[in-house]
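First comes the structure, then the notes that go with it.
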Amino acid sequence: DISFNGKTAIVTGAASGIGYEIATALAASGATVIASDLKQEDADKTVKAITEAGGTAHGFAGDVSDPESVEALVAFAEEKTGALHMLVNNAGISGPAAKTGEYPVDGWRSVIDVNLNGVFYGCRYAIPAMKRAGGGSIVNMASILGSVGFASSGAYVAAKHAVVGLTKSAALEHAEDNIRVNALAPGFIKTPLLEGNLDNATQSFLEGQAAQNRMGTPEEVANLTLFLLSDKASFITGSYHLADGGYTAH
Ligand code: NAD
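Going by UniProt numbering, the sequence shown opens with residue 2, and the numbers climb by one from there.
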């Protein structure tokens, strides 16, 4: 029973999968949500779902790999609602599947640009806004692949490990500003990102690797995200939180 009444949250990658669930769950708990994604029409679909359920949201078309776009996103949030209290750096891509010795260099750059640089830009521009608001909470969407390797996904694995490092440093630096920064590590979650990149046999194999013998749902990731964003997590900062059905337990 978390309430975010009177608080504003930005969610990037809010049109699909995990980001959509987080955006709608935040709005259902009283937050005003800035739902951002690459295309306005996609962001607006999330806004429509939130509005129809009685919540408040605004759509913003932006690219997290472009620092000017992320700066404009934060300015939009402050302009629409007066203050920014929460940020979920969720937008991410999987990138090409290839071994490191064959990995396409442009593919490497795109994955690092979205999955790592995008998280940095989010923190870079949201933190000053949160300071103006008197404090805040950031959740950076990492992955279990932020602590273990995965073949043919070097760029993704490297970016997610780096997100965990950035999270720890930002938490150390900005505790004095009343800002908490945490990394969330989903295991394998049934979303368009996963289903578009792994064939059925690989998906079944990965399900079998989790203690619970299944994939997670976007709702199960949203539940942990809302907890970390909320005041109930007031002593939790700079840490890495798994929601993986026991995938990394062995
Ligand atoms: P998804 O593909 O369903 O949704 C990602 C969203 O991000 C899409 O709406 C897409 O348009 C948006 N996006 C992509 N590039 C963007 C950019 N440059 N700027 C703004 N928006 C952009 O994916 P998902 O599975 O919901 O993944 C969400 C996050 O969770 C990602 O960071 C992903 O790495 C992470 N994650 C997913 C899983 C999983 O199994 N699905 C596991 C661990 C971590």
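Every residue, glycine too, gets a C-beta built ideally from N, C-alpha and C.
- Residue 104 is bridged by DSSP to nothing; it lacks a bridge partner.
- With a cut-off of 7 Å, the C-beta of residue 77 is classified as distant from the ligand NAD, since no heavy atom of the ligand falls inside that distance.
- The segment 148 to 219 contains, as complete beta strand (DSSP E) runs of 3+ residues, the segments 180 to 187 (chain order).
- For residue 101, the closest of 153, 215 and 2 by C-alpha to C-alpha distance is 153.
- Relative to the non-hydrogen atoms of the ligand NAD, the Cβ of residue 189 comes within a distance shorter than 7 Å of at least one.
- Comparing alpha carbon positions, the residue from 91, 28 and 33 closest to residue 13 is 91.
- A residue is called buried when at least 16 other Cβ atoms come within 10 angstroms of its Cβ; residue 61 meets this threshold and is buried.
- For the options 31, 251 and 9, the alpha carbon positioned closest to that of residue 78 is the one of 9.
- About 4 Å separates the CB atoms of residue 96 and residue 112; that is less than 8 Å, so the two are in contact.
- If you ignore the 5 residues before and after residue 161, its C-beta comes within less than 6 Å of the C-beta of 143, 144, 146 and 147, all in its own chain and listed in chain order.
- DSSP, read as helix, strand or coil, puts residue 6 in coil.
- In the structure shown, residue 250 falls within a helical segment according to DSSP collapsed to helix, strand and coil.
- For residue 227, the three-state secondary structure derived from DSSP is helix.
- Counted as a single uninterrupted DSSP element, the alpha helix (DSSP H) harbouring residue 20 occupies residues 18 to 29.
- Residue 206 counts as exposed, since fewer than 16 other beta carbons sit within 10 angstroms of its beta carbon.
- Relative to the ligand NAD, residue 142 has its C-beta within less than 7 Å of a heavy atom.
- The three-state reading of DSSP puts residue 90 in strand, counting E and B together.
- The ligand NAD never approaches residue 123 closely enough for any of its heavy atoms to be under 7 Å from the residue's Cβ.
- Residue 38 is positioned such that its CB atom lies closer than 8 Å to that of residue 16.
- If you check the C-beta of residue 63 against the ligand NAD, you find a heavy atom less than 7 Å away.
- Annotation for residue 16 indicates a beta carbon within 7 Å of some heavy atom of the ligand NAD.
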